[in-house]
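At position 48 of the sequence shown (counting the first as 1) the number is 99 in the numbering used here, and the numbers step up by one without a gap. Worksheet for the structure shown next.
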Amino acid sequence: MKTVLLAGGKGTRLWPLSRELMPKQFVRFLDDESLFQKTVERALLFSKPNEIFVVTNREYRFRVLDDLREAGVEIPEDNILLEPVGKNTLPAIVWAALKIEEKFGPSIVAVLPSDHLIETGEAYETAFKNAERLAERFLVTFGIKPTRPHTGYGYIKPGERIEEDGRLLGYRVDEFKEKPVLETAKRYVESGYYWNSGMFAFSTSLFLEEVEKHAPEILEAFESSSSIEEAYEKAPEISIDYGVMEKTDKAAVVPLNVKWSDLGSFDAIYEVLEKDDDGNAIRIRGKNGYHIGVNSKNNLIMTERLTATVGVSDLVIVDTGDALLVAHRGETQKVKEVYKALKEMNDERAIVHRTAYRPWGSYTVLEEGDRYKTKRLTVLPGKRLSVQMHYHRSEHWVVVRGTARVLVGDKELLLRPGESTFIPAGVKHRLENPGKVVLEVIETQIGEYLGEDDIVRFQDDFGRG
Numbered sequence: 052m053k054t055v056l057l058a059g060g061k062g063t064r065l066w067p068l069s070r071e072l073m074p075k076q077f078v079r080f081l082d083d084e085s086l087f088q089k090t091v092e093r094a095l096l097f098s099k100p101n102e103i104f105v106v107t108n109r110e111y112r113f114r115v116l117d118d119l120r121e122a123g124v125e126i127p128e129d130n131i132l133l134e135p136v137g138k139n140t141l142p143a144i145v146w147a148a149l150k151i152e153e154k155f156g157p158s159i160v161a162v163l164p165s166d167h168l169i170e171t172g173e174a175y176e177t178a179f180k181n182a183e184r185l186a187e188r189f190l191v192t193f194g195i196k197p198t199r200p201h202t203g204y205g206y207i208k209p210g211e212r213i214e215e216d217g218r219l220l221g222y223r224v225d226e227f228k229e230k231p232v233l234e235t236a237k238r239y240v241e242s243g244y245y246w247n248s249g250m251f252a253f254s255t256s257l258f259l260e261e262v263e264k265h266a267p268e269i270l271e272a273f274e275s276s277s278s279i280e281e282a283y284e285k286a287p288e289i290s291i292d293y294g295v296m297e298k299t300d301k302a303a304v305v306p307l308n309v310k311w312s313d314l315g316s317f318d319a320i321y322e323v324l325e326k327d328d329d330g331n332a333i334r335i336r337g338k339n340g341y342h343i344g345v346n347s348k349n350n351l352i353m354t355e356r357l358t359a360t361v362g363v364s365d366l367v368i369v370d371t372g373d374a375l376l377v378a379h380r381g382e383t384q385k386v387k388e389v390y391k392a393l394k395e396m397n398d399e400r401a402i403v404h405r406t407a408y409r410p411w412g413s414y415t416v417l418e419e420g421d422r423y424k425t426k427r428l429t430v431l432p433g434k435r436l437s438v439q440m441h442y443h444r445s446e447h448w449v450v451v452r453g454t455a456r457v458l459v460g461d462k463e464l465l466l467r468p469g470e471s472t473f474i475p476a477g478v479k480h481r482l483e484n485p486g487k488v489v490l491e492v493i494e495t496q497i498g499e500y501l502g503e504d505d506i507v508r509f510q511d512d513f514g515r516g
């Protein structure tokens, strides 16, 4: 079985924990492993590394590569499909199916969102084996047995049983239902409906046949285009559910009786985290984080600094250093409205954290003022920044850990901890880590404009212009 991992998204529903350039599948908010890495582990249950394909945003390319490297999984880089723009799930899955057929011929494929939390084990593996048996005849989706009425999930009404040698494999889908109001959700649960997990399995040949029948404009966009940019410009924005699954007469649902959450809100995160004796779910980030609670109950608190709560209940408090969210539990679906407002204000905190990840490592903004900004640069062993120049700012670098090879104009320097150099505005420069330990540099920028777009690259190891 081949596997397609969907790794797009914009990080709108879990702001400020996730951002546009750091959607939730890459955020380490449950443990030291990202949701993307956990999904890769599940994919390896049924697929070899060269049989795993990732569809993601171009901006996330190096995030994907870094997570794979850290997990010790080598996926061919041409298996990482970089969308020029997000067009929802159907164009992404069609592109992946076409690539899989091009590389392997007609194949059985599992499609997994990379931002869900799923319990694996015998029930999980059995469900996917059942789906594999059905995939030549049906477009299979996986139905989660509800634990309670939930208004945040779509539902699937099962129909005729599908059996093999007297053993139940799944059901024909009778009907897909949109996210319901609470009373309707109660009725669905009582009637044996399933939650729609957003996971699929099918043969590429059957899937593309059904796309041709129900959403021909998608296939036409790919077949008539000479580049992926042109294909995505032509393709409509549509989900696999609306475009195919709700229209086909070949939809089947395989029950998946495991713990599952799409972690689509802070309420969902509260549900899956362990609670203390007062019902508080506490997640500490960073070495300075700590929580003291006095008469505080049933709160979700995620912080990277000392946070004290007194006499508060049923709140979500998320502190990321550069932003603070306080919301009532039960209202967190509206967090995306905060993201929308920030985008309208052109506030970069909608897009990036105080710590931003780059293919060479990361930088963290420590302090900034009207004409200055101080950062901590972390450069991975063997990596280097581009040869670059800034028009509006000068930079002062101080090495605090590791060894730096620095190019300033025509001069090359080797700097050790405590040593520094100055880069005037308009001078070409490069920072490199030639060593075997992480390089940390404190950078102070001074100038009339300190935006990240004040950069001219002359040479770059990562193909950035």
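No residue lacks a Cβ here, since even glycine has one placed at the ideal position from N, Cα and C.
Discussion item. Please report the distance separating the alpha-carbon of residue 41 from that of residue 310.
Written reply: A question about residue 41 goes unanswered here, because the residues of the chain that appear run from 52 up to 516.
Worksheet item: Is it true that the CB of residue 369 sits closer than 8 Å to the CB of residue 317?
Response: Numbered from its first residue, the sequence shown carries residue 317 at position 266. Numbered from its first residue, the sequence shown carries residue 369 at position 318. Going by C-beta atoms, residue 317 is nearer than 8 Å to residue 369.
Worksheet entry | Assigned secondary structure, residue 447 (DSSP; H/G/I helix, E/B strand, else coil) | Taking the sequence shown and counting its residues from 1, the one referred to as residue 447 is at position 396. Strand.
Worksheet item: What is the DSSP secondary structure of residue 122, reduced to helix, strand or coil?
Response: Counting from one through the sequence shown, the residue named residue 122 turns up at place 71. Per DSSP, reduced to three states, the secondary structure at residue 122 is helical.
Worksheet entry | For residue 235, three-class secondary structure by DSSP | As a working note, residue 235 is residue 184 in the sequence shown. In this structure, residue 235 counts as helix in the three-state DSSP scheme.
Fill in: Per DSSP, the bridge partner or partners of residue 296
The count along the sequence shown starts at 1 and reaches residue 296 at position 245. Residue 296 is bridged by DSSP to nothing; it lacks a bridge partner.
Worksheet item: residue 412: buried (16+ other C-beta within 10 angstroms of its C-beta) or exposed?
Response: Taking the sequence shown and counting its residues from 1, the one referred to as residue 412 is at position 361. So residue 412 counts as buried.
Item to complete: May I have the straight-line CA-CA distance separating residue 197 from residue 174, to the nearest angstrom?
Response: Looking up residue 197 in the sequence shown gives position 146. Looking up residue 174 in the sequence shown gives position 123. Distance from the CA of residue 197 to the CA of residue 174, rounded to the nearest whole angstrom, comes to 15 Å.
Worksheet item: Among all the DSSP beta bridges, which residues are the ones paired with residue 370?
Response: What you label residue 370 is simply residue 319 of the sequence shown in a count that begins at 1. Paired residues: 375.
Worksheet item: Where does residue 37 fall in DSSP's three states?
Response: Any question about residue 37 goes unanswered here, given that the chain covers just 52 to 516.
Practice prompt. Taking residue 184 as part of the alpha helix (DSSP H), name the residues at either end of that continuous run.
Written response: As a working note, residue 184 is residue 133 in the sequence shown. Per DSSP, residue 184 is one residue of the alpha helix (DSSP H) stretching across 173-185.
Worksheet item: For residue 302, which residues does DSSP report across the bridge?
Response: Within the sequence shown, residue 302 is the residue found at index 251, counting from 1. As computed with DSSP, residue 302 is found in a beta bridge with 190.
Discussion item. With three or more C-beta pairs closer than 8 Å as the rule, is the stretch 195-210 touching the stretch 232-240?
Written reply: Flag = yes, the stretch 232-240 and the stretch 195-210 touch.
Worksheet item: So what does residue 131 bridge to, in DSSP terms?
Response: Residue numbering aside, residue 131 sits at position 80 when the sequence shown is read from its first letter. Residue 131 pairs with 105.
Discussion item. Can you tell me whether residue 164 is helix, strand or coil according to DSSP?
Written reply: On the sequence shown, residue 164 is found 113 positions in, with the first residue counted as 1. Reduced to three states, the DSSP call for residue 164 is strand.
Worksheet entry | C-alpha distance - residue 315 paired with residue 468, whole-angstrom precision | The sequence position of residue 315 within the sequence shown is 264, counting from 1. The sequence position of residue 468 within the sequence shown is 417, counting from 1. Roughly 44 Å separates the two Cα atoms.
Practice prompt. Let me know if residue 166 comes out buried or exposed under the rule of 16 or more other beta-carbons within 10 Å of its beta-carbon.
Written response: The residue given as residue 166 occupies position 115 in the sequence shown. Per the 10 Å Cβ criterion, buried.
Discussion item. Is the separation between the beta-carbon of residue 422 and that of residue 499 shorter than 8 Å?
Written reply: Locating residue 422 in the sequence shown gives position 371, where the first residue counts as 1. Locating residue 499 in the sequence shown gives position 448, where the first residue counts as 1. Contact flag set, yes.
Discussion item. If I follow the unbroken alpha helix (DSSP H) through residue 260, where does it start and stop?
Written reply: Counting from one through the sequence shown, the residue named residue 260 turns up at place 209. Element bounds for residue 260: 255-265.
Worksheet item: Comparing alpha-carbon positions, which option in 78, 259 and 106 lies nearest residue 156?
Response: Position 105 of the sequence shown, counting from 1, holds the residue named residue 156. When the alpha-carbon of residue 156 is set against those of 78, 259 and 106, the nearest one is in 259.
Worksheet item: Terminal residues of the continuous alpha helix (DSSP H) containing residue 154?
Response: Counting from 1 along the sequence shown, the entry for residue 154 is found at position 103. Its alpha helix (DSSP H) spans residues 140-155.
Item to complete: Keeping to the same chain, check which residues put their C-beta closer than 7 Å to that of residue 142; ignore five residues upstream and five downstream.
Response: One-based indexing of the sequence shown puts residue 142 at position 91. Cβ within range, chain order: 269, 283 and 286.
Practice prompt. Grab the span of the alpha helix (DSSP H) containing residue 393 for me, first residue to last.
Written response: Numbered from its first residue, the sequence shown carries residue 393 at position 342. Taken as a continuous stretch (DSSP letters only), the alpha helix (DSSP H) holding residue 393 covers 386-395.
Item to complete: In the DSSP assignment, find the unbroken alpha helix (DSSP H) run with residue 426 in it and report its ends.
Response: In the sequence shown, residue 426 corresponds to position 375, counting from 1. Unbroken run through residue 426 is the beta strand (DSSP E), 423-430; no alpha helix (DSSP H).
Worksheet item: In whole angstroms, what separates the C-alpha of residue 121 from that of residue 313?
Response: Locating residue 121 in the sequence shown gives position 70, counting from the first residue. Locating residue 313 in the sequence shown gives position 262, counting from the first residue. Taking the straight line from one Cα to the other gives about 24 Å.
Fill in: alpha helix (DSSP H) segment containing residue 91, residue limits
Looking up residue 91 in the sequence shown gives position 40. Under the DSSP assignment, residue 91 falls in the alpha helix (DSSP H) whose first and last residues are 86-94.
Worksheet entry | Among 452, 488, 503 and 66, the one whose alpha carbon lies nearest that of residue 377 | Stepping through the sequence shown from its first residue, residue 377 is reached at position 326. When only C-alpha atoms are compared, the closest one is 66.
Worksheet entry | Span of the beta strand (DSSP E), counted from its first residue to its last, around residue 280 | In the sequence shown, the residue the question calls residue 280 occupies position 229. In the DSSP assignment, residue 280 falls outside any beta strand (DSSP E) and lies within the alpha helix (DSSP H) extending over 279-285.
Worksheet entry | Beta-bridge pairing of residue 480 - partner residues as DSSP gives them | Along the sequence shown, one-based indexing puts residue 480 at 429. The partner list for residue 480 (beta bridge, DSSP) reads 439 and 459.
Item to complete: Using a Cβ-Cβ cut-off of 8 Å, state whether residue 419 counts as contacting chain B.
Response: Of the chains in the structure shown, none is chain B; there is only one protein chain.
Discussion item. Assuming contact is defined by CB atoms lying nearer than 8 Å, are residue 367 and residue 383 in contact in what I supplied?
Written reply: In the sequence shown, the residue the question calls residue 367 occupies position 316. In the sequence shown, the residue the question calls residue 383 occupies position 332. For the pair residue 367 and residue 383, the CB atoms are nearer than the 8 Å cut-off.
Worksheet entry | residue 509, buried or exposed, once every other Cβ within 10 Å from all chains shown has been counted against 16 | As a first step, residue 509 must be located in the sequence shown, where it is residue number 458. When all chains shown are included, residue 509 counts as exposed.
Worksheet item: What are the boundary residues of the beta strand (DSSP E) that residue 513 is part of?
Response: Stepping through the sequence shown from its first residue, residue 513 is reached at position 462. Looking at the DSSP string, residue 513 is not in any beta strand (DSSP E), and its letter there is neither H nor E.
Practice prompt. Taking residue 359 as the reference, give the member of 341, 348 and 373 with the closest Cα.
Written response: Within the sequence shown, the letter at position 308 stands for residue 359. Distance from the Cα of residue 359 is smallest, within the candidate group 341, 348 and 373, for 341.
Worksheet item: Which of the three DSSP states, helix, strand or coil, is assigned to residue 202?
Response: In the sequence shown, counting from the first residue as 1, residue 202 sits at position 151. Under the three-state reduction of DSSP, residue 202 is assigned to coil, being neither helix nor strand.
Worksheet item: Can you name, in chain order, every residue of its own chain whose Cβ lies under 8 Å from the Cβ of residue 297, other than the five neighbours on each side?
Response: The sequence position of residue 297 within the sequence shown is 246, counting from 1. For residue 297, same chain residues with a beta-carbon under 8 Å away, outside a window of 5 residues either side, are 227 in chain order.
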